[in-house]
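Number 702 marks the last residue of the sequence shown (this note's numbering); no jumps.
All C-beta atoms in this analysis are idealised placements derived from N, C-alpha and C, irrespective of residue type, glycine included.
As structure tokens, the structure follows; a few thoughts come after it.
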Amino acid sequence: MEFTKRLNLEILLYGLAFALAFCLRLALLNAIPLAEFEAGWALQAYRLAHGAAVEFGPHPLYLLVTSFLFNMFGSGDPLARLLPALAGSLLPLVPFAFRGALGRWPAIILAFGLAIDPGLLAVSRLAGGPMPALAFLALAVAAWVLVRPAWAGVFFALAALSGPAFWGGVVGLVLAGLLFALLRREPLRLPGGDLRRAGLALLIMLALAGTLFLQVPGGLGAFAASLPAWVQGWGVPSGVPAGRLLVALVGYQPLALVFGLVAVVRLLSRPSARDLALLLWAVVALAIALLMPGRQVTDLIWVLVPLWALAAGSLADLLALRGEEEFSVVAGETSLLLIFYSFIWINLASLGTSAFQDPELLRIRLILSLTVFALALISAALIGIGWSFGEAARGILWSLALFLLFFTVNSATGAAYRRAGAAAELWWNGPAPGLTDRLATTVGDISEYVLGERSGLDVVVQTDSAAVAWALRTMPNVIFTTSLSPGLSDSALVTDSSPVDLLTEAGYRGQSFAVGWLPAWDGAKPPNWIGWLLFRQAPAVPSTVIVWGQAALFPGGAPVVALPQEVPVVEPPPPEVEPIEDGQPAPEEDAAQQPTPTEEAALEPTPTEEGAPSAEPSPSPTP
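Next comes the structure, spelled out in structure tokens:
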């Protein structure tokens with residue numbers, strides 16, 4: 080009976096972790112438009128769903144599943160991100176298979192850590208990202224441990240179809256296993272299972288899922304291209320500094336990082352085969368991510384799983400309480416220390432929002448923070464003298480864990496529910512999304528004004544932005560070109576900034592849109608690192624396009640008429656000035672001769688709100 084209650088409690092907790100991960104990953108999937116990287120994969124799936132000829136990229140599972148969803152339910156940003164979101168929500172179920180090796184409570188803590196981790200959450204909401212490879216490979220290993228060889232083969236096939244990231248994960252696991260066997264000086268023993276059943280299930284799933292049930296044979300060719308694509312990452316640099324991955328670890332995963340390092344320190348005095356295997360996996364995965372020239376911050380997901388497993392063991396051991404008396408002491412100390420931590424947080428936050436470059440202000444704030452931290456240590460020491468140093472140490476660990484948990488949750492919500500233009504978040508593969516939804520709305524407004532419906536306008540697009548192409552995918556009369564010729568007659572155009580003179584002379588008026596954002600710093604960390612750490616504030620550079628419409632389409636619009644080179648200036652006659660008697664103040668100038676503030680404002684061009692067509696077109700695009 081007692082065992083049944085414990086098992087039911089465990090199942091309930093794993094169910095809660097899964098529900099939490101599911102809700103966090105599927106909430107507000109359409110909050111921001113697709114980024115350039117996401118739109119490229121979503122466009123391939125969209126064209127495949129509509130029967131167009133598609134050159135398969137090395138992500139066959141994403142393309143086939145997403146094209147099926149588009150074909151059944153219509154295209155949209157939420158459906159484009161649905162597969163990685165669903166795959167990521169399955170991760171908290173994996174620790175259940177390893178509760179025997181990890182321990183009951185470490186496995187439960189690991190499940191909740193995988194549910195709320197900022198990096199795993201952000202990558203789970205990235206269309207075309209590496210999350211399906213990680214999730215299905217982890218499920219394959221879990222099924223093999225639970226002696227479910229058929230399911231292991233199915234999940235392994237799904238992972239293999241999930242793109243080049245699969246090979247990075249497999250190489251990391253294999254190298255970590257070989258190093259573990261070498262250090263332990265014993266052959267590597269894997270859990271037993273029916274390899275024949277697993278292999279048969281693997282081949283069947285590759286054939287069915289890789290061809291969308293034999294409907295798209297090209298999917299198997301895309302699977303074969305995934306390994307060369309991963310190898311290509313070792314020769315083609317991505318431009319992402321290796322240090323940025325380390326900044327992401329510190330800035331997004333402080334809870335897992337701190338207590339993972341605690342587990343490493345404890346490993347030196349208390350050898351553990353489990354912790355050694357997890358440490359080797361994390362180190363090898365991190366080394367692969369840092370050494371690969373084509374690295375991306377999203378490659379860190381292979382590091383986060385073993386890092387959280389190490390941290391879960393430390394948290395379960397160090398935070399265990401013994402008796403009500405110890406609980407009351409630890410709870411009181413934890414509350415006191417959290418007050419000190421909050422003061423330090425507020426003090427540092429003022430640096431992120433004020434003149435950070437002021438050395439005097441920086442020195443004062445840092446001295447205050449160090450003083451408060453010293454008071455916290457003195458308080459803990461007094462508690463240790465009055466009660467016991469074990470209880471005092473446990474109170475410090477509890478307060479630190481809760482504070483870092485708050486920071487982790489805050490980072491997770493920011494990384495997952497990002498606003499458009501948030502290039503300060505590091506989990507994008509390329510530019511962060513811009514205002515392509517407003518661009519599509521503006522083109523639709525022009526079409527509705529001219530034709531009475533929102534999708535029939537003839538539009539010429541002279542830009543290679545996949546995000547723009549995705550935003551205009553439902554307009555049938557969109558033509559993509561690489562150059563523009565004189566004598567244009569199209570109702571609307573979408574271009575970069577190069578043909579501004581040509582289009583203004585042809586009688587077009589434009590509005591600029593930022594369709595992507597890139598970090599405006601070259602090094603590993605942003606210039607104001609405190610502002611980034613606390614508020615994700617960092618400089619960014621926009622990538623802009625211009626939506627052009629014929630001037631005649633606007634109310635009162637007309638083609639541009641070139642002004643003459645020289646305009647004669649007629650001097651007005653001087654006003655008659657009455658003589659001023661001595662001692663009499665000079666009269667004010669006639670107000671009629673001076674423009675009023677309203678008239679002055681009328682003389683200036685009025686910028687239009689970004690995303691809405693101007694009622695009075697301006698002669699040049701408004702940034």
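Span separating the alpha-carbon of residue i from that of residue j
| i | j | result |
| --- | --- | --- |
| leucine 285 | alanine 201 | 28 Å |
| alanine 166 | leucine 148 | 15 Å |
| leucine 334 | alanine 599 | 28 Å |
| glycine 474 | serine 448 | 20 Å |
| proline 555 | serine 146 | 19 Å |
| arginine 275 | arginine 517 | 54 Å |
| proline 211 | leucine 481 | 30 Å |
| glycine 278 | valine 224 | 16 Å |
| serine 305 | aspartate 378 | 16 Å |
| isoleucine 418 | glycine 207 | 43 Å |
| serine 414 | leucine 479 | 11 Å |
| leucine 181 | arginine 401 | 21 Å |
| leucine 189 | leucine 143 | 32 Å |
| proline 578 | leucine 572 | 11 Å |
| alanine 569 | alanine 519 | A quick correction: the sequence has aspartate, not alanine, at residue 569. One C-alpha to the other measures close to 17 Å. |
| isoleucine 492 | leucine 103 | Before going further, note that residue 492 is threonine rather than isoleucine in the sequence given. Threonine 492 and leucine 103: Cα-Cα distance of roughly 9 Å. |
| valine 539 | leucine 161 | 31 Å |
| glutamine 294 | glycine 130 | 12 Å |
| isoleucine 609 | valine 547 | 34 Å |
| alanine 280 | tryptophan 477 | 46 Å |
Contacts around residue i, its chain only, beta-carbon distance under 8 Å, and the 5 residues preceding and following it disregarded
| i | result |
| --- | --- |
| glutamate 532 | Ser526 |
| valine 249 | Leu216 |
| isoleucine 423 | Ser448, Val451 and Phe452 |
| leucine 86 | none |
| alanine 671 | Confidence is the limiting factor: at alanine 671 the pLDDT is only 40, short of 50, which leaves the residue's position unreliable and the question unanswerable from this model. |
| leucine 99 | Pro171, Phe191, Ala194 and Ile195 |
| leucine 88 | none |
| alanine 327 | Gly198, Val376, Leu379, Leu505 and Trp506 |
| phenylalanine 135 | Gln123, Leu142, Gly297, Gly298, Gly300, Ala301 and Ala304 |
Residues that residue i bridges to, as DSSP identifies them
| i | result |
| --- | --- |
| tryptophan 627 | Leu572 and Gly589 |
| phenylalanine 559 | Val540 |
| proline 598 | Ala619 |
| alanine 511 | Trp596 |
Where residue i falls, given that 16 or more other Cβ within 10 Å makes a residue buried
| i | result |
| --- | --- |
| methionine 151 | exposed |
| threonine 487 | buried |
| valine 329 | exposed |
| leucine 612 | buried |
| isoleucine 25 | Outside the shown range of the chain (80 to 702) lies residue 25, about which nothing can therefore be said. |
| valine 253 | exposed |
| threonine 541 | The sequence shown places glutamine at residue 541, rather than the threonine named in the question. Buried, since its Cβ has 16 or more Cβ neighbours within 10 Å. |
| arginine 268 | exposed |
| arginine 264 | exposed |
| asparagine 109 | exposed |
Spatially closest choice to residue i from the options, by CA coordinates
| i | options | result |
| --- | --- | --- |
| phenylalanine 509 | Val224, Val319 and Leu199 | The sequence as given places glycine at residue 509; phenylalanine does not occur at that position. The shortest C-alpha separation from glycine 509 is found at Val319. |
| valine 384 | Phe177, Ser622 and Val626 | Phe177 |
| alanine 356 | Leu257, Ser203 and Gln332 | Leu257 |
| histidine 138 | Leu324, Ala410 and Trp309 | Trp309 |
| leucine 582 | Leu597, Gly595 and Leu563 | Leu563 |
| alanine 214 | Phe485, Leu193 and Pro197 | Leu193 |
| phenylalanine 420 | Phe485, Pro605, Leu252 and Trp507 | Phenylalanine is not the amino acid found at residue 420; the sequence shown has tyrosine there. The option with the nearest alpha carbon to tyrosine 420 is Phe485. |
| arginine 442 | Tyr528, Ala190 and Leu427 | Leu427 |
| aspartate 354 | Gly339, Arg323, Leu415 and Ala364 | Gly339 |
| leucine 507 | Arg374, Ala571 and Val363 | According to the sequence provided, residue 507 is tryptophan. The question's leucine does not apply to it. Of the candidates Arg374, Ala571 and Val363, the one whose C-alpha sits nearest the C-alpha of tryptophan 507 is Arg374. |
| valine 362 | Arg264, Val376, Ser576 and Gly251 | Gly251 |
| aspartate 580 | Pro621, Trp627 and Ala303 | Trp627 |
| leucine 370 | Gly312, Leu394, Ala546 and Ala503 | Gly312 |
| serine 302 | Ile425, Trp387 and Tyr141 | According to the sequence displayed, residue 302 carries phenylalanine and not serine. When only C-alpha atoms are compared, the closest one is Tyr141. |
| serine 703 | Pro565, Ala459, Leu262 and Pro438 | This structure does not reach residue 703, given that the chain is present from 80 up to 702, and the question cannot be answered. |
| glutamate 115 | Trp596, Ile446 and Thr553 | Trp596 |
| proline 185 | Leu237, Leu454, Ser393 and Leu240 | Ser393 |
| leucine 158 | Pro174, Arg204 and Phe175 | Arg204 |
Chain-order list of residues whose beta-carbon lies under 6 Å from that of residue i (same chain, five-residue window excluded)
| i | result |
| --- | --- |
| proline 372 | Pro316 |
| leucine 92 | Ile187 |
| valine 408 | Trp466 and Glu470 |
| glycine 322 | Ala603 |
| phenylalanine 101 | Ser168 |
Residues near residue i by beta carbon distance below 7 Å, same chain, minus five either side
| i | result |
| --- | --- |
| threonine 290 | Pro296, Gly298 and Leu299 |
| valine 133 | Gln123, Arg126 and Leu127 |
| leucine 359 | Ala255, Leu258 and Phe259 |
| leucine 483 | Pro333, Leu334 and Val337 |
Residue-level contact to chain B via CB, residue i, 7 Å cutoff
| i | result |
| --- | --- |
| leucine 107 | The structure shown contains no chain B; it is built from a single protein chain. |
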